[in-house]
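Student:
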DNA sequence: CGGTACATTGACTGTCATCAAGCTACGTGG
DNA sequence: CCACGTAGCTTGATGACAGTCAATGTACCG
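So, in structure tokens, the structure goes:
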């Protein structure tokens, strides 16, 4: 079923059907915990996420810390020359990606204006999203940050699931993302549950009971642009 | 003296000297506090900063908060379609920018591969830099954040000034950037001075006495890529 | 000379990180 | 099937730290 699912990047080629593009793009199934860099090699690469969730780890400093998430439909590019200090892109869950090597991508972007516009657009959108995240994690109250995180993740899933979704991240990793200790994350999640805003059917499963109320606690509204670039 | 100073974007045109580029680029002097958007109009735009410092304000929510800074040599692009919720780019100090309207830029990027590579590169680098900032402001200790801020700003200035530089930002705005109250910023700056790591010749002037020591307090090393995109 | 914006300093309170101890779920191997 | 180990989660106690409120101080501008 995955083999025929088009990714954003590939979809932008339908009208033209460039041969070099189809040759360049390779579909990969990524194991949980596997780094995309290990698949792509040391060179720069660019990928479109079909299914699963990826995380961006800042590899500088020990231990490495997660600084961002990538959801299906987003594009993730890793230009090794522009980011020498290093971020690694790792699969949080088993994921399916559409991977392109750097040289292939350059050739294609030369010839296809639509692709490079998509890439640039994706980069801008990811940047805007990252800046919104900065607003979240610069808030003093842990409650607001956790609520904002939940609202953000919930926004990635269709509402048809009865507003129930999987967090995919451990408490510790959520803490890294929000600048909180894992204990504080756990406490705040349960506090939101006690407040009746969410329910916790499982350890990593969350059901939204009061979406707007949760948004009010978060103190902001989220929009999710389609792009994501590391 | 400013009129002839080349910006990164313009410099990438020297070999080709495209006419349409020279026509599209306009040099502007921006007053302190003035928004670039007011100059460029409602459309998307792209600018290269020659002198001065700009700040990126997240205009969503009241009051607007500063989420990033732009230093000379960086490119700042504002794609209005990709960022509908809104960030405004405002001059912190009097600045000189090289401004391009969106339509002109699109034409130029179609014809000049170097320019679009520069833009994409700039976007990636700014994204990487923003993610490093997230690492800074997610740190629990205010001391580390303030130290990191000082190291970062200091890195923008040549070391020949005896390591003395102007902060350009008020305590309050530094606090917004770091997710701290203005009082905490003030206290931490003075604490760093008492610790002998910096000196404070003036209210907004800082002299680095122990650069590596400050970096140690900050807990990380900074590199400054040349790109910046809003 | 007064006004405004910014900065400093102090006192106090609330919150969060830290340490520590159990607890749950899950996978492995006996 | 169960014992066991590990990783993740929860919960509690405590102290440090940063936010808040408040007052004063300082530069800069007209």
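Chains as they are written, first to last, in the numbering used here: chain A, 1 to 230; chain B, 1 to 230.
Beta carbons are placed, not taken as given, at the ideal position from N, Cα and C, and that holds for glycine.
#1: Alpha carbons only, please: which of B:164, B:140 and B:92 is nearest the one belonging to residue 199 of chain B?
#2: Residue 108 of chain B to residue 116 of chain B, Cα distance in whole Å?
#3: Within 10 angstroms of its Cβ, does residue 42 of chain A collect 16 or more other Cβ (buried), or is it exposed?
#4: Inspect the CB distances between the region 133-143 of chain B and the region 141-152 of chain A and report whether three or more fall short of 8 angstroms.
#5: List, in chain order, every chain A residue whose beta-carbon is nearer than 9 angstroms to that of residue 126 of chain B.
#6: Taking Cβ positions only, does residue 133 of chain A come closer than 8 angstroms to chain B?
#7: Give me, in chain order, the residues of the same chain whose beta-carbon lies closer than 6 angstroms to that of residue 59 of chain B; leave out the 5 immediate sequence neighbours on both sides.
#8: Between A:92, A:63, A:66 and A:35, which lies nearest to residue 54 of chain A when the distance is taken from Cα to Cα?
#9: Give the residues of chain A in contact with residue 116 of chain B, contact being defined as C-beta atoms less than 7 angstroms apart.
#10: Would you say residue 137 of chain A faces chain B, with C-beta separation under 8 angstroms as the test?
#11: Taking all protein chains shown into account, do 16 or more other C-beta atoms lie within 10 angstroms of the C-beta of residue 131 of chain B, making it buried, or fewer, making it exposed?
#12: Using Cβ-Cβ distances below 9 angstroms, what residues of the region 31-57 of chain A are close to chain B?
#13: Would you mind working out which of B:105, B:190, B:172 and B:182 sits nearest residue 40 of chain B, comparing C-alpha positions?
#14: Note down, in chain order, each residue of its chain lying with its Cβ closer than 7 angstroms to the Cβ of residue 228 of chain B, except the 5 sequence neighbours on either side.
#15: Going by DSSP in three states, residue 170 of chain A sits in which element: helix, strand or coil?
#16: Per DSSP, residue 207 of chain B forms a beta bridge with which residues?
#17: For the beta strand (DSSP E) holding residue 87 of chain A, just list the boundary residues, first then last.
#18: Identify, in the order they occur along the chain, each residue of the same chain with its Cβ nearer than 7 angstroms to the Cβ of residue 79 of chain A, setting aside the five sequence neighbours on each side.
#19: Are residue 208 of chain A and residue 168 of chain A closer than 8 angstroms when you measure CB to CB?
#20: Can the beta-carbon of residue 135 of chain A be found less than 8 angstroms from the beta-carbon of residue 65 of chain B?
#21: Whole angstroms is fine: what's the gap from residue 47 of chain A's alpha carbon to residue 190 of chain B's?
#22: Would you list, in chain order, the members of the region 64-80 of chain B that have their beta-carbon closer than 8 angstroms to a beta-carbon of chain A?
#23: Does residue 38 of chain A pass the burial test, meaning 16 or more other C-beta atoms within 10 Å, or should it be called exposed?
#24: Where residue 182 of chain A and residue 68 of chain A are concerned, what is the direct C-alpha to C-alpha distance, given to the nearest angstrom?
#25: Considering only C-alpha positions, which residue in the set A:192, A:128, A:180 and A:170 is nearest to residue 33 of chain A?
#26: Within the same chain, show all residues whose beta-carbon is closer than 7 angstroms to that of residue 218 of chain B, passing over the 5 residues directly before and after it, in chain order.
#27: So, are the CB atoms of residue 96 of chain B and residue 27 of chain B less than 8 angstroms apart?
#28: Any chance you could list the beta strand (DSSP E) runs of at least 3 consecutive residues sitting entirely within the region 83-149 of chain A, in chain order?
#29: Is the CB of residue 120 of chain B under 8 angstroms away from at least one CB in chain A?
#30: For residue 205 of chain A, which residues in the same chain have their Cβ closer than 8 angstroms to its Cβ, ignoring the five residues on either side in sequence?
#31: Specify the secondary structure class of residue 50 of chain A as computed by DSSP and reduced to three states.
#32: Find the residues of chain B that neighbour residue 130 of chain A, judging by a C-beta separation of less than 8 angstroms, and give them in chain order.
#33: The beta strand (DSSP E) spanning residue 68 of chain A covers which residue range?
#34: Please classify residue 110 of chain B: is it buried, with 16 or more other beta-carbons within 10 angstroms of its beta-carbon, or exposed?
#35: Roughly how many angstroms lie between the CA atoms of residue 119 of chain A and residue 118 of chain B, to the nearest whole one?
#36: Suppose the cutoff is 6 angstroms on Cβ atoms and the five residues either side in sequence are ignored; what does the same chain contact list for residue 187 of chain B look like?
Tutor: To lay it out plainly:
#1: B:164
#2: 9 angstroms
#3: exposed
#4: no
#5: 123 and 127
#6: yes
#7: 86 and 88
#8: A:92
#9: 116
#10: yes
#11: buried
#12: 56
#13: B:105
#14: 70, 74, 75, 76, 122 and 126
#15: coil
#16: B:164 and B:199
#17: 87-91
#18: 44
#19: no
#20: yes
#21: 47 angstroms
#22: 65, 67, 68, 77 and 79
#23: exposed
#24: 17 angstroms
#25: A:170
#26: 144, 147, 148 and 151
#27: yes
#28: 87-91 and 95-101
#29: yes
#30: 164, 165, 166 and 167
#31: strand
#32: 127, 130, 131 and 134
#33: 65-70
#34: exposed
#35: 13 angstroms
#36: none
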